[in-house]
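J.: Numbering (UniProt numbering), first residue to last: 1 to 215.
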């Protein structure tokens, strides 16, 4: 246990779903502040199931995933927060928009979204289907950073995780608006191997980032 508090060294291999990429920067910063000799390598364009598989194959020490319906046998989860999603678009596209904006109005905008099969995109498709709407983006990408760069041109709209703006403001000339019910939400958790041998680095990260009401 001493190693968890002082003198911990090595490289933490951390896999992250795209929507949590900016939030995980704050987690890594907290870990490095607590353990100055630790290095962190982040892969931030992975899917939740891929992260779980790579943890089981010892290719990753820990991951940040969407905890909704995953098979997590043999793994330990620390619930972090409930992700929420917002529409972000150029000011010109939202000049007459309501806040919150209804789904039909949002999807009528020139939309760019993540690829189908990525969890953030699946949640958007599911929410739209509840309104009897189909999602047909003109452009798809595997990176939220790419989507925000497009939105920054003023000609595109995107639906992204709110935590993308935890460390940076939306692109200049854009604004974010809430989406009308159903409110998009996904539980986000830190996952790591359970039992021994478990990565001391992953355990240290769990201790640093666990919410106050968790051990």
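Even for Gly, the Cβ is constructed at its ideal location relative to N, Cα and C.
All of these numbers come straight from a predicted model, not from anything done at the bench.
1. With a cut-off of 8 Å on the beta carbons, I'd call residue 185 and residue 82 a contact; round off their distance for me.
2. Out of curiosity, what's the CA-to-CA distance linking residue 30 and residue 104?
3. Between which two residues does the beta strand (DSSP E) carrying residue 161 extend?
4. Reducing DSSP to helix, strand and coil, say where residue 181 ends up.
5. Using a Cβ-Cβ cut-off of 7 Å (strictly less than) and excluding sequence neighbours within five positions of residue 151, which residues of its own chain qualify?
6. Could you give the distance in angstroms between the alpha-carbon of residue 95 and the alpha-carbon of residue 210?
7. On the three-state DSSP scale, how would you describe residue 109?
8. Could you say if the stretch 50 to 58 and the stretch 34 to 42 meet the contact criterion of at least three C-beta pairs nearer than 8 Å?
9. Can you give the beta carbon distance from residue 80 to residue 14, rounded, assuming they're within the 8 Å contact cut?
10. Roughly how many angstroms separate the alpha carbons of residue 147 and residue 116, rounded to a whole number?
T.: On the basis of the data shown:
1. Confirmed, about 5 Å.
2. The straight-line gap separating the alpha-carbon atoms of residue 30 and residue 104 is approximately 40 Å.
3. That run of the beta strand (DSSP E) goes 157 to 161.
4. DSSP, read as helix, strand or coil, puts residue 181 in coil.
5. Cβ within range, chain order: 88, 89, 90, 157, 158, 171 and 174.
6. One C-alpha to the other measures close to 40 Å.
7. Correct three-state label for residue 109: coil.
8. With fewer than three CB-CB distances shorter than 8 Å, the stretch 50 to 58 does not count as touching the stretch 34 to 42.
9. At roughly 13 Å, the Cβ-Cβ gap does not stay under 8 Å, so residue 80 and residue 14 are not in contact.
10. Note on geometry: alpha-carbon atoms of residue 147 and residue 116 lie some 14 Å from one another.
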